[in-house]
Structure formats: C-alpha cells, structure tokens
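Numbering (mature numbering (1 follows the signal peptide of the UniProt record, and there is no 0)) for the sequence shown: -21 to -1, 1 to 1169.
Since the structure comes first, as structure tokens, the remarks are kept for the end.
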Amino acid sequence: MKKIFSLLLILTLALGLVACSSDDDGPGKVGNILVSSDNINTDSFSDLDLDLSTAIVTVAGKEGSLDTAIKNVEAGNYTLRVSIVDGTKEYYGETEVVVTAGEDTTGVTVTIDQSGTYIPEGKTLVHYQRNADDYDTYTLWLWGDGVENTTDWPHGLQKSGVDDFGAYYYVPLTGEGSNLGLVPVDEEVGDSSKDGGDHLFEFLGDYNELWIFEGDDTVYISSDKEVPEGLISAEVVSPTELEVVFTDTMGIAQSEIAVVDKDGNEVTIDSLDVVDGTTLVLTGSLDVDNQKPYEITYDGKTVVADTGARYEDSLTAYDGDDLGATYNSDGTVQLNLWSPKATEVEAVIYDKADQNTEVTRVTMEKDPRSVWRVTLNSDNTGISDLRGYFYQYSVTINGETRLALDPYAKSMAEFTVDTNGNGDDTVGKAAIVDPSLVGPTLDFANVDGFEKREDAIIWEIHVRDFTSQEGLSLTNQFGTYAAFTEKLNYLKDLGVTHIQLLPVMSYYFGDESQSGTRETEYDSSGNNYNWGYDPHSYFAPEGMYSEDSTDPELRIKELKDLVQAIHDAGMAVTLDVVYNHMAATDIMDRINPGYYFREGANGSGCGNDTASTHAMMRKLIVDSLVYWTEEYKVDGFRFDLMGLIDSETIQSAYDAVAKVNPDTLFIGEGWRMYTGPEGTEGADQDFVSSTDDVAVFSDEIRNNLKSGYGSEGQPMFITGGDRPIETIFNNIKAQPGNFTADDPGDVVQYIAAHDNLTLHDVIAQSIEKSPADSEEEIQKRIRLGNAIILTSQGISFLHGGQEYGRTKEWKGTGSPEGDDTEVEATGDVFIHNSYDSSDVINAFDWNAATGDTVQNETMEYTKGLIKLRRSTDAFRLGDKSLVDSNVKLIYPAEDAEDKIIAYKSTATDLSEYYVFINGDTIERDFAVKEDLTSATVLVDNDESGATAVSTVSGVTVTADTVTVDPLSVAVIKVEPASDSIVVDGNKDVAWDDTSIADKYTDATADAWVTDTGDNIADPAGMDVQNIYVANDTDNLYMLVELADGSWGTDAMFLIDNTTDSTGISDLGANTSWTWGDKNIVYSDDTSFEGILYTYLDGDGNPGYGAFTWLGTEVQDDTVAEYNRSADGSIIEVSYSLSALGLQAGDDIRILPVMMNGYWEVTNIIDAPFDDKLVDPTVDQELTYQTYTIK
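Rendered as structure tokens:
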C-alpha cells in the first residue's frame, strides 16, 4: 500500500529496529533489521508530500526498503542510511545503529535534514540561493566532463528540494572528470532568465557539496563563500612552454612544482613566469613528441598536461586558400587536407556512377604545416577526367584508421542517413566538382531602396515548406530549389527585401533519396523532414532540395538558379547558417580529434559547441562564408546561436565577406550562452555595442508583444496583457533594455521565427480561444503585431507565413508524440517545434494565404504595411540620435501600463507619421496635441498602404482626439508645410516673413550677401559652397549651401575671428526667451565664437545650445556640457539642431554672436552688420529671429 506523508524541512523517522536470530546462520551471529514506516512522525505544519514507497534503506552493504526486513546483518556498529526519491526530489539521512546478537534494538531515529545530509556516491549536492526565494521553475543547465550533461535547453536538472538556504540539486556525476559547468535558468523563460554567466568548477574530485548565489558566477565550497585553492589544470602550449592554471598564483615558487614525462622521468624547468592571478607558464627544454603527456604536481595534487589546440595552432595553423578539392581544366584534381595528428592519409576514390564502388586509393604526403596533399591524375587513379567522382579520406590517428568527409567538400554524393541516424554510409562522400563551371553567372542583389541595414525587411522560410502543400500545381518536384522559383511572384508582390532560407548547407539527418515522398499524415516526430540545424558540410548545398540528389552538380545549379531568380525579382538572399555546433563531433574528430569542438561545453544543447577561437575552426567558418558570398552571391547571413561563437571570429568573417560584398547583411541570435575560453567574448547581444556590422534579434520586444520562449501563453501587449509603455516604446525605437544598441541597425525586430509556436498559435494559446470559432480575433491580433514590427526602427523580420497567420495546429487523430502545446481551455493542440514533423504540419498554406479567406485579408494588410515602410524612412531612420529626435511618444504616459500606444515618426523629408495601436478589446481614445483632421489616413482597421485608404473605418479623428476601434491600428500622415525650406533633408524651417523665404531662390537680391572665401567654416566636414545672409530690418537670416546644391543641416554659424574675446558661463540661468531678463556672466580667460540659440519644446521647456568654430573644425557637444581645450582657453557649448527632438510648433530662436566684450557680428560680411553691438553689462533685449519647426 502506498503511503503519503507531509514534510516541510525535516523528516524524523522512528525506526523499530529488531535484531533477532537468523534461521540461516544460527543464533548470535547475525540479525535482521526492519525499518517500519508506521513509526514515522511528521511536522503538523508541513506542506511537502513524500511518496515513501521509493525509500531505500542501506546498512552494512545491504539494501532494502521500508517495512521489509534486511536479513543477515552481522552483529556490529553500522551507519544506517535512508534515501527517499520522490519524482525529481531526493531526501537523504543517516544515523549510527548497533546490531547486538540476540537483542532487540528499538527507538532509533533518522533525521533527514538537507543542510547537512548524506550525499550518495556518484552525486554532487549543489545549493542555490536566490534573493526572492523564487525557485519553482529554476533548473541547472549542466555540462563538463565530470557530470551528466543536460541536453534540452532550457530544461535543465530539476531541483531536488528547498531548505533553509535555498534550492538544492543532486547532480549526477560521470566519474570520468573533475570539471563542472552550470548555469541556473528559469525553464519557463529561457535565455533571458540565465542567472549570470558560466559557473565553472574544477575540483569535483575533491568536493561533493557546492554553493552558488544569485548574480555571482563563482562556485563556492561552503555557504560562507569559501573557494578551493590549488592546482586546476595544465596544457602544453608550445614546444617549450607548459601553461598551468591555479586558483591563485600568489606565493607559488618554482621549486614547489614537479613535472614528469609520460614515463615518470623528471623534466627540468628553466623558468616560471606568472601571467596573471590564476595562470603561470613553465619554460623548459621539452621533447614534446616523445615526452607527452606530462604530469604536473603541486601541493599533493597532480594534473595531466597534453598538447591542445593552441599547441597545434602554434606549429601547424594554415592560412592558405587551397584546402579541399581543386578541379583543374585538364581533368586532374588537387586534394589538400589539414590533419596534424594523422600519421597516414589516403584519398579513397569512388565511381561517379556508383558511390559505393571504390575505384582506387592514393597515398597523400604531409607538408610542414600538417597539410596532406596529393594530385590525382590518370597515372595514380587510372581516370583521365575526375570530374563528378566521389572521394573520402582514410585517416590514421593513434593507430586507428577511419574514413572521413572532406570539411571543404563543395558538393556531396546522395546521403541516405535517416532521421534516426540509420544508413549505409554514415560518413558521407565529397564530390569532385568545379562550382564555377556550373549554373548561371551571378551578381549580388540590387534591391530598390536598400541603402542601409535598417532598410531590410527579412522574410524567413524553409525551402521544402514553401512548395510542399498537397494539391499545389507545380512544374518541378515539390519542396525543391526549382519549385521555389515558381512561387516567387508571391514574395515579390508581398514586398519584402530579403528572403532568408533556413539552412541549405548540407545537413546530416534525412534520407535524400526519399525527398520526393510527401508526408501527408499528421505526425510530429521521426519523419524524413529536417529544418537543417545539424550541419554536415559547411560548403556543400543540401541534396534534399534537389530534383536529383545523386547528381552532385545539379544541386549547385539549382541553388544558383534560385538565387538568380530571387535577385531578378528585386530581392536579396540571406542564408541561415549554423556554425555554433555540428551534427556530431565525429564528423571533424575523424580528421583531428579534440580540436574542432569545446571539450565539456554544451551551450548549444547539442554537446558539441564548435571551438571557434581555434585557428582552423575560425578559418573554416570564415572560408565558408566567403565561399558562399563569392560563388553563390548570397547577400547576407543569419547566425544560429551566434552568442556561442566568439566575437573575433564573427567580426573577422564580416570583414572578409564585406570585401567581397560591401552590402552584406549579418544578423544573429545573440543570446548570452558563450562557453569559450576565458579572455574571449561571445558574439552576443553585448557584442553589438562594439560593432556596427552585426545585428542581433531582440527578445525583449518579442517577449513583451506576444510572450517568449519558455513562457509562451502569458498575456502580453497584443494578447490581452497590460505592458509598461516605456518598455514598448523604447523597443519600438530599437533601444531595448536588456542590451545596449547604439545604432537602430543593431536590432532585429521580430515576434516570430521558425522556433517554437507560430505567432498565430501562441496568440490562440494566450487568449485561450479556439481558431475554430475565434479566427477573426486571432487575425486582428496578428495585424497588431505585424504593424508594430513594421513601424519600428531597426531591421524588420517576418517568419514565413506570419503575414497571413500561419498555423501548425494538430488536426490528426490521437495525440502528437513530439513537442506540442495543448491549450487546456479549448483542447486545441499546436506543434511547438516542428523540426521533424510531417509535411502536412509544416507546409506553407497557399489556400489560406491567397484564397478568399480572413488569412488572405491579413496577408494583404501586411503587404500594405510593408509598402508603407518602404515608402518612407520614418520607420528606418538609421541613426540613434535621429531616432531620439524624430520618434516621439504621444500617448499614454511613459510610466503607464496599458494595451495601447501612440507614437510619431518624422521622416527626413519632414513627413510625420502618427501610429496608433489599440490592443484592447474596447474602443480607445488617444489624446493628441495636433489637429489631425486634415491629415491622411494610410492605415485603418482593414486597409493599409502608402496612400490614403479608400474609406476610413475603425478610426475617428477630431481636433484633439483619435479614436481607434478594438484590436485595430491607425497610421496618419501629415505632409510637410508647403511654404517651408528643408535644410539638408532634415529640419523644416518655416520663415516668419515669407518674403525672405521667397528670396531664398534669388541669391543675387540686394538683401542677400554671399561669402565664399576662406572664412567659411565647414561644419561637421560638410563641403560648403556658399553662405547666404539676409538682413530684414532687425532680423538676421543665414543658410549654408553645400557644393551639391543641398542645404546644410547646421545652417546657422559664424566665421573664425582671431580677436581676443570673452567667453560664456552659467548659461543655465537664462530661462527667459528674452535675453535681457538675465545678465550673462562672462569669464575673462576664455574665448568663444559661434552661434548661440535657444529653443522652446512642445511642453514649454526652454533649452539652449551653440555651434562653435574653433580654428579648423566645428565642435558639436551636448547642450549642457562645457569643454575647455588643453590650455583651458576655450569653452565649447554646442548641440546639433537635428538632435534636439523638437516637435511641430516648437520655436528655435537664433542669435549670432562673437565674443569681444560685446555681443557682436564681425568678419562675416561688411555693413550693415558691423553696427550691431550690444553692451552685455546692461540688461536689454537682443535681436533674434524665431524659426518655427513644422
């Protein structure tokens, strides 16, 4: 009978222990012990239920259960232990017992107390303390050679329980190593909930109980935060150097360290050099090839030092561009393979008509940089022309010979390993091809309007999905590169700029010979289908998408044809690439074991993070990216789990690719998951603050709009939840709070991708309504999300089908066996990650997208939003300061939480776009300061585009209010004033006196004076052609004409004056618009010349600034800063008009000044300005001109 008891922290067992004579061994020698569950006492306030049926009792090497006698225990003193495993929870306790022959032992208790419990063999106890005691969903993500790695991110090791300290976890050990890596993570939130960085511990052999604290990456050996001391590891890093790592190098003497070779012979060390607080280098006359591995001993602990990647890199790293197979015009082939550990390599050649028929083997020779080389020709192969033949390498390492795939294979033989890993050839064969001889001659895309990365609108799709729907009329085989080209008009009409293809580099799992079989039955796992995130080759195109995977040249041609077709349609191609891990370490270990992957790291959840800091792994990545750019003319790359790759590799790759295609687009998943060596950094979200070349996905906008990975289904902004307006608005500006984006192009704005639930399905889950009867509402919420993404700053990203509401709802019989989400309220089931689901689940639904459906209405609506985005730069300004000045929150207040938001984006042509989003289920009013009744409605609740909607619906505009229907969007455009002057395409300056504006077109009028001499200051490096200055009674006007005929943004400034003059201080005291109300205090030891201006913003707050001319350049600083030159002689007060952030109706007042003891205009032009002198010691009103920002 199962017995459940309650317990909070301490469980006390009253054990009735009976020592009695045994029938087997005779009286007085042995006894039987029975632990009775009936004698258990529990705390009346306890709230933890335990299943005692799992309890195990151990004593004297014997094991039993509660209520069952443990027989034949010899008389003596013993430690009796009780363990209770209840699901993922484990409880342990122990006590001392005495078994006395012939006597009963009773009244013994066991206290199970986790603060000082028995830790069973094969486990380490990890204690974790959080400040808020919120442990319910926190797991430990584990990796390392000493522990059993977790594999399903972010679902790590579940906690065993909670005690007075915090949560505790019994970590299973492998018994094979001493290092542990862990990260606490909330499994319902995922990436953003990671507590700190990697927690690393190197002493599992010495300690079996560890403590970690929230916000602290250190692993401690006590709750008092003690750390272990001593020797951690060692490595041979060069022919003369051993690098040794300690917890602390302070005080370590050379004489205290002993080094012996593999035979136990002492190795002489000549010197010890401390590198830093944990690392030192021992230098000696080493004979590495004959002596390794070495043993280093310090303070009783010994570690092994062997050669690793750094040693190999120092001796053998190769920078040539000829790795792989090079096919020559005479039919011969040069094969080159880098394999420093190999002692013998042969090229194994297979028949081009039958990849399973071996033709010959040819021995290769090793050069000084460990590159094995051979030229295949008719003499050594018997083949006059090797084009189309297949090959592998036979590599011998440490006496073992194995076949290996060329990592630089440009194409492959048909690969037939299924999704379970079964197949005749599990290695794969490279094909001898010359890609330059195959397919069309390509060039890069010429996308209309794509001038900067913020102009990109990326649309992501799986090649097979796009044409795998049953019943689709196609000329070519469904699911192929060729079939994809037949449906490109849909994407051209949709209007996206970049088509992002899920991995098309050869992946491992999937039988290419069966690619023509459409899977029409609902099945969520184990199908001959693959997203492709299990790389096999980084150079060969995937054969699953070819109409004939047995032809190694055809797949090259077909993919090139697809690239050309996309380019011809006016769109660019980006590839989804997976360099952070491979399908298996064995792929590369056959060539050079222990080199290409980070040992013990598991950030990818696949157990094989690539070691991108190693020279030849980095080279492989960079070479691959350059190859796809040069040969296939792809226009950019999306990096899977980019945060696992070191930043130097990604930057090096960008630099190399940009030399080939300066317009290349690099984006990636910048989740903070880096597991690389200390002193290096991952290419994660933090990386973008130090580069302008790579963008990262923003999980913050995703999570706040519709909920994120691990917490899908929680009500968010477009799914019925109030959200902080400040957070929503900052993300719309491409300024998320969880990483620093110093440029809007750093941010990829998205709410859905191939991972997890589709946008449609997560909305259905969140609002707990079935698509069967609430599809209209789901579609409205999709439109809300698409509208926000497409009117946000940064790079826009759409999941293929997001434009119509793609769903992966389970409509099969029974329950799915894979990763699914069931909505409890409705019973609907959606496939969560469909990476190996059947075609019927994954197929792009052309009937929904293009038929007479509500989904088609959403597609047309999204198409209009794309057209709107491409028609103006208001939503893709491309500069953070411009975003700050031109994108303004209208309603509600920034400190509010709500389901609505309104914001204004001003384009550089001064057109203003007012965006109103109502995520509420009731009609909502938006208060506006501007009268928009005469403005143009571009987007309402059922139409969208770059021109006025045909009939406004769902939006009502009055002089001070815009009212928007439930779950609806409105975008309203205000044209720039017709009587205004645009200065450098940035600020709209409407002159008070239009007669002066008229003179703008006539520089020869009497009132205008032009100075083109050397006096002209060149603000911000602009090429100034003329300065026009007009005097109209007491007012002064100035404009700068640039050499190209445009008008400079920084139009108001003066020219250098060498006269000693007086500076300005305490400008902040001037809060009145008339300068005469306050004295301006001067300093006698400074000089200042330039334009001083004041302004009044839309809230009535005054401000001030200046442009200064300092000899050879214009200085441009923030308003409130005073900067002295090196000699202290100059104070600069400056600000760019383009960054003021003024709104319509705001005033700027301009006062030209040269400090010479007076407010004075000098040395610009001759009279009539020379007489404009004002005594600063006398309160008076100075002349200024007001410009009104339109």
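Even for Gly, the Cβ is constructed at its ideal location relative to N, Cα and C.
Just so it is clear, the structure is predicted and the values come from calculations on it, not from any experiment.
Residue range of the alpha helix (DSSP H) that includes Gly843 = 833 to 850
From Val741 to Asp444, what does the alpha carbon distance come to, in whole angstroms?
-> 20 Å
Note down, in chain order, each residue of its chain lying with its Cβ closer than 6 Å to the Cβ of Val727, except the 5 sequence neighbours on either side.
-> Counting only residues of its own chain and dropping the five nearest sequence neighbours on each side, Val727 has a CB closer than 6 Å to the CB of Ile646, Ala674, Phe676, Ile774, Phe776.
Inspect the beta-carbon positions of Arg597 and Ser631 and report whether they are closer than 8 Å.
-> yes
Cβ shell of Tyr297 (< 8 Å), same chain only, five flanking positions each side left out = Trp317, Arg348, Ser349, Val350, Met595, Lys598
Assuming Ile879 contacts Arg903 (C-beta within less than 8 Å), just tell me the rounded distance between them.
-> Right, the Cβ-Cβ distance comes to about 5 Å (below 8 Å), so this counts as a contact.
Alpha-carbon spacing of Asp333 relative to Tyr370, whole angstroms = 12 Å
Out of curiosity, what's the CA-to-CA distance linking Leu31 and Ser234?
-> 56 Å
Going straight from the alpha carbon of Arg569 to that of Asp385, what length do you get?
-> 10 Å
Assess, as a yes-or-no matter, whether the stretch 397 to 405 is touched by the stretch 358 to 367 under the definition of 3 or more beta carbon pairs within less than 8 Å.
-> no
Complete runs of the beta strand (DSSP E) confined to the stretch 634 to 659 [at least 3 residues] | 644 to 647
N-terminal and C-terminal residue of the beta strand (DSSP E) that Asp196 is part of | 195 to 199
For Val338, the nearest candidate out of Glu323, Tyr368, Val324 (CA to CA) | Tyr368
Between the stretch 851 to 867 and the stretch 880 to 898, are three or more C-beta pairs nearer than 8 Å?
-> yes
For the beta strand (DSSP E) containing Ser217, list its first residue and its last residue.
-> Its beta strand (DSSP E) spans residues 210 to 217.
Which one or two residues does DSSP pair with Gln108 in a beta bridge?
-> Phe192
Coil, strand or helix - Tyr460 by DSSP = Three-state result, Tyr460: helix.
Where DSSP assigns a beta bridge to Ile275, which residues make up the other side?
-> Beta-bridge pairing links Ile275 to Val238, Val282.
What are the residues that DSSP puts in a beta bridge with Glu337?
-> Tyr329
What is the rounded straight-line gap between the Cα of Arg785 and the Cα of Phe463?
-> 18 Å
Going by alpha carbons, who is nearest to Leu221 out of Thr197, Gly263, Lys204, Ile231?
-> Measuring from the Cα of Leu221, the nearest candidate turns out to be Gly263.
Where Val327 and Pro656 are concerned, what is the direct C-alpha to C-alpha distance, given to the nearest angstrom?
-> 37 Å
Please say whether Gly791 and Tyr501 have beta carbons closer to each other than 8 Å?
-> yes
Assuming Lys435 and Glu537 form a contact by the criterion Cβ under 8 Å, report the distance between their Cβ atoms to the nearest whole angstrom.
-> The displayed chain sequence assigns Ala, not Lys, to residue 435. That pair is no contact at about 25 Å.
Of the residues Val941, Thr832, Ile951, the one placed nearest Thr926, counting alpha carbons only = Ile951
Is the beta carbon of Val215 less than 8 Å from the beta carbon of Thr286?
-> yes
Proximity below 8 Å, CB of Trp132 to CB of Gly160 = no
Which stretch, first to last residue, makes up the beta strand (DSSP E) that contains Asn897?
-> 891 to 897
Hey, quick one: how far does the beta strand (DSSP E) through Ile12 stretch, first residue to last?
-> From DSSP, the beta strand (DSSP E) with Ile12 extends over 9 to 12.
With contact counted as at least three CB pairs below 8 Å, one residue from each stretch, are the stretch 489 to 498 and the stretch 466 to 477 in contact?
-> no
Is it right to say Gln493 is buried, meaning 16 or more other beta carbons lie within 10 angstroms of its own, or is it exposed?
-> exposed
Compute the beta-carbon to beta-carbon distance between Gly10 and Ala111, rounded to the nearest angstrom, for a pair I have assumed lies under 8 Å.
-> Not confirmed; about 50 Å, so no contact.
How big is the Cα-Cα spacing for Thr153 and Gly125?
-> 5 Å
To the nearest angstrom, report how far apart Ser686 and Asp309 are at their CA atoms.
-> One C-alpha to the other measures close to 60 Å.
Distance, Ile35 Cα to Val141 Cα | Looking at the two C-alpha atoms, the distance is approximately 21 Å.
Could you tell me the boundaries of the alpha helix (DSSP H) in which Glu755 lies?
-> 750 to 769
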